[in-house]
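Report on the structure given below.
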Amino acid sequence: KEKLEREAAYANAGKKKDEAGNPVPEIPADPVREALRPLLTEIYSNKERLPDVMEADISVEDGYNYELTPGVLAVIRVRKGLSKDDKAKAIILGTAEADAWCFRPNSRRDYGDIVQRIKYSYNAETMHKILRAYAELKLVAFFNSADAAKGLGGVTGDVKGVAEAMKKEYVE
């Protein structure tokens with residue numbers, strides 16, 4: 605029995621699992637996210653991995669072109685059919701929002717706990733507005749810092765203009 609358990613452990617070694625222990629499907633790297641990687645690594649606090657990006661059929665009612673599945677294995681779902689510029693904006697905003705859920709050893713309270721308290725004290729709509737506001741505030745703080753130049757300097761290709769336009773939007 606022990607031998608079978610060891611063999612099963614070896615076979616499953618290195619496979620990602622979610623909190624419930626279910627295997628996480630491999631999501632291929634998105635080319636727009638990869639082009640934005642130097643900028644996103646400066647925005648996102650988890651230096652080990654960036655949130656995965658995938659296109660999905662989502663209905664967007666609040667003007668944002670993405671949905672976020674938060675957590676350690678965060679996934680940003682962008683609406684199918686977006687232009688490359690709109691997709692890049694959605695990925696940058698989604699990464700900023702995902703940053704709120706990154707573990708910080710020096711924080712006094714867990715962000716998820718605070719968000720749940722807001723949800724139960726007020727309502728889900730208020731909670732959703734706070735989550736979106738975090739992304740906006742994170743980008744205001746980031747684009748007004750010295751790290752912005754470092755992140756923007758590494759971005760090349762078509763998405764560089766989008767990233768610089770977003771900096772201009774948040775700085776001015």
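In my numbering, the protein residues as written are 605 to 776.
Glycine included, each C-beta is placed from N, C-alpha and C at the ideal position.
Given the structure is predicted, the values throughout are model-derived calculations rather than measurements.
If we ignore side chains and look at the alpha-carbon of each, how far apart do residue i and residue j end up?
| i | j | result |
| --- | --- | --- |
| T645 | R637 | 11 Å |
| L643 | C706 | 17 Å |
| D751 | K733 | 27 Å |
| L756 | D690 | 18 Å |
| K693 | V766 | 7 Å |
| M770 | L677 | 26 Å |
| A753 | V744 | 14 Å |
| Y774 | D717 | 29 Å |
| S649 | E606 | 40 Å |
| S725 | E768 | 39 Å |
| G758 | D703 | 20 Å |
| E701 | G761 | 24 Å |
Excluding five sequence neighbours on each side, which residues of the same chain lie with their C-beta closer than 7 Å to the C-beta of residue i?
| i | result |
| --- | --- |
| M731 | V719, I722, K723 |
| P635 | none |
May I ask you to check if the CB of residue i is nearer than 7 Å to at least one heavy atom of the ligand ATP?
| i | result |
| --- | --- |
| I662 | In the structure shown, the ligand ATP is absent, as is every other ligand, since no ligand is present at all. |
Report the residue from the options whose alpha carbon sits nearest the alpha carbon of residue i.
| i | options | result |
| --- | --- | --- |
| M658 | D689, S649, I695 | I695 |
| V763 | N669, R610, A633, A639 | A639 |
| A698 | T673, P709, N710, K688 | According to the sequence provided, residue 698 is Gly. The question's Ala does not apply to it. If we check each option's Cα against that of G698, T673 comes out closest. |
| G675 | A737, D666, G667, L654 | L654 |
Looking only at its chain, what residues have a beta carbon closer than 8 Å to the beta carbon of residue i, apart from the 5 residues adjacent to it on each side?
| i | result |
| --- | --- |
| E652 | none |
| N669 | V682, R683, L686, D690, K691, K693, A694 |
Please state whether DSSP places residue i in a helix, a strand or coil.
| i | result |
| --- | --- |
| Y648 | coil |
| A660 | strand |
| Y668 | coil |
| V676 | coil |
| R653 | coil |
| V759 | coil |
| E609 | helix |
| D798 | Because the chain in this structure spans residues 605 to 776, residue 798 falls outside the shown range and cannot be described. |
Sorted by chain position, which residues of the same chain lie with C-beta nearer than 6 Å to residue i's C-beta, five sequence neighbours on each side aside?
| i | result |
| --- | --- |
| D656 | I631, V679 |
Which ranges does the alpha helix (DSSP H) cover as unbroken runs of at least 4 residues, wholly within the region 682-737, from first to last along the chain? List check, alpha helix (DSSP H) in window: 688-703, 715-725.
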